[in-house]
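Residue numbers (our numbering): 107 to 413. Ideal Cβ placement from N, Cα and C applies to all residues, glycine included. Owing to the predicted nature of the structure, the values given are computational and were not obtained by experimental measurement. Working notes for the structure below.
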Amino acid sequence: MHYRFPLGPLTAMAIGDAAGAGFEFQPAEPYDVLKQRQSLYIQHKMYPFMPAGCYTDDTQRAITLVQAYTPSISPGQFGEDVATRLVEAYQLDPRGYGKGMFTNLQRWTTMGKGERLRYRNNFAGLFSEETKRESAGAVMAASILGVPHQRIDDIRRLARAQASITHKGNAVLAAEVVATLANYLCKGMDRRDTRNYLAQEFGNERLLDTTPIQAPKNLAWDCMMAALQCIEDATSLHDLLLRCISLGGDTDTVATIAMGCAWNCKSLENDLPPCLWQELEDGAYGRSFLRKLELQLLNREHLSLRI
Numbered sequence: 107m108h109y110r111f112p113l114g115p116l117t118a119m120a121i122g123d124a125a126g127a128g129f130e131f132q133p134a135e136p137y138d139v140l141k142q143r144q145s146l147y148i149q150h151k152m153y154p155f156m157p158a159g160c161y162t163d164d165t166q167r168a169i170t171l172v173q174a175y176t177p178s179i180s181p182g183q184f185g186e187d188v189a190t191r192l193v194e195a196y197q198l199d200p201r202g203y204g205k206g207m208f209t210n211l212q213r214w215t216t217m218g219k220g221e222r223l224r225y226r227n228n229f230a231g232l233f234s235e236e237t238k239r240e241s242a243g244a245v246m247a248a249s250i251l252g253v254p255h256q257r258i259d260d261i262r263r264l265a266r267a268q269a270s271i272t273h274k275g276n277a278v279l280a281a282e283v284v285a286t287l288a289n290y291l292c293k294g295m296d297r298r299d300t301r302n303y304l305a306q307e308f309g310n311e312r313l314l315d316t317t318p319i320q321a322p323k324n325l326a327w328d329c330m331m332a333a334l335q336c337i338e339d340a341t342s343l344h345d346l347l348l349r350c351i352s353l354g355g356d357t358d359t360v361a362t363i364a365m366g367c368a369w370n371c372k373s374l375e376n377d378l379p380p381c382l383w384q385e386l387e388d389g390a391y392g393r394s395f396l397r398k399l400e401l402q403l404l405n406r407e408h409l410s411l412r413i
């Protein structure tokens, strides 16, 4: 009998993030080789400061979205609150960010008191248009916005608001797709009809493209499509995680998206090895903190952890 640990959306994302982090942009490791590993948590060769089992900026952004969200919040206020919390989270617990995000977040830490006052009520102003890209930061955490039982239009607006703070173009659209996909699967809808549903919802035939993806780059659309591919092909949650990592490329973001979307998908068995929970970091902002935060979100939405 396989021991199953309770799984929620934030812990699922953190597991995908921490497992994918050690393989990010390294030579792709075949699925069968990954399956034989005792643990999927390994230290990345280029990041000795990040121990195995630690999550990255993907999960930290998800934390800020949960903290900023309330059922009655407007998209504009939500975007501003996300910007504020991104700065606060970075100060409390620095994680690895892309060059553009890192530059903006570092600007705040080096500002004098007078300059900071200019941004006190407008943290969004820190993120200049010149640094906005179509990179994966816009989508890495968007799945958490699919948990609330809101109308799809409202979910899309929130996803668009958080993405637009730091990104632009296709990245913003991809964030809306991820949040919509997560909501669709969380409600127990048919995984086999996912692409048709998304293509109809967004009026975008690119979502029907089933061309196999390998080594997705750090682009929001690529990572979203890779996660969608893995969700469609997977037979269980552990299989899903292995598929995401075996693609190579931006493994942590693809795995974070996929796990965050599919954590409550009833057609995917929760067969994740217990070590993925036991070995997930548990410092000040580790698994215990994530569990408490996701329970607050789930309780508010009258949902429960998945066993």
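Collapsed DSSP secondary structure at residue i in the structure displayed
i	result
LEU343	helix
SER352	helix
SER249	helix
ALA174	helix
ARG201	coil
ASP164	helix
PHE131	coil
TYR290	helix
PHE308	helix
LYS151	coil
PRO254	coil
SER394	helix
GLY159	coil
ASP123	helix
Buried versus exposed, by CB contacts within 10 Å (16 or more), residue i
i	result
THR176	exposed
VAL139	exposed
TYR290	buried
ARG412	buried
LEU314	exposed
GLN306	exposed
Sheet register partners of residue i (DSSP bridge)
i	result
GLU375	SER342
ARG412	LEU113
SER241	LEU325
ARG273	The sequence shown places His at residue 273, not Arg. ARG239, per the DSSP bridge assignment.
Whole-angstrom distance between residue j and residue i, CA atom to CA atom
i	j	result
LEU403	PRO254	8 Å
ARG262	ARG393	28 Å
GLY122	ASP358	6 Å
MET330	VAL360	7 Å
MET295	ARG213	44 Å
LEU113	SER410	9 Å
VAL172	LEU399	8 Å
ALA333	ARG349	9 Å
ALA248	ALA168	7 Å
PRO115	ASN405	13 Å
GLN384	GLY182	38 Å
THR272	TYR147	29 Å
LYS301	ASP328	Position check: residue 301 holds Arg in this sequence, whereas Lys was assumed. C-alpha separation (whole angstroms): 15 Å.
GLY354	TRP369	21 Å
PRO318	PHE308	21 Å
TYR391	ALA195	10 Å
ILE351	GLY218	42 Å
(message) Is it the case that the segment 371 to 383 contacts the segment 342 to 352, given that we only count it when at least three CB pairs across the two stretches are under 8 Å?
(response) yes
(request) Pair every Cβ in the segment 237 to 244 with every Cβ in the segment 261 to 279, then say whether three or more of these pairs are closer than 8 Å. (result) yes
(message) Quick check: the segment 331 to 341 against the segment 356 to 365, are at least 3 beta-carbon pairs closer than 8 Å?
(response) yes
(request) Decide if the segment 119 to 133 is in contact with the segment 153 to 162; the criterion is three or more beta carbon pairs, one per stretch, under 8 Å apart. (result) yes
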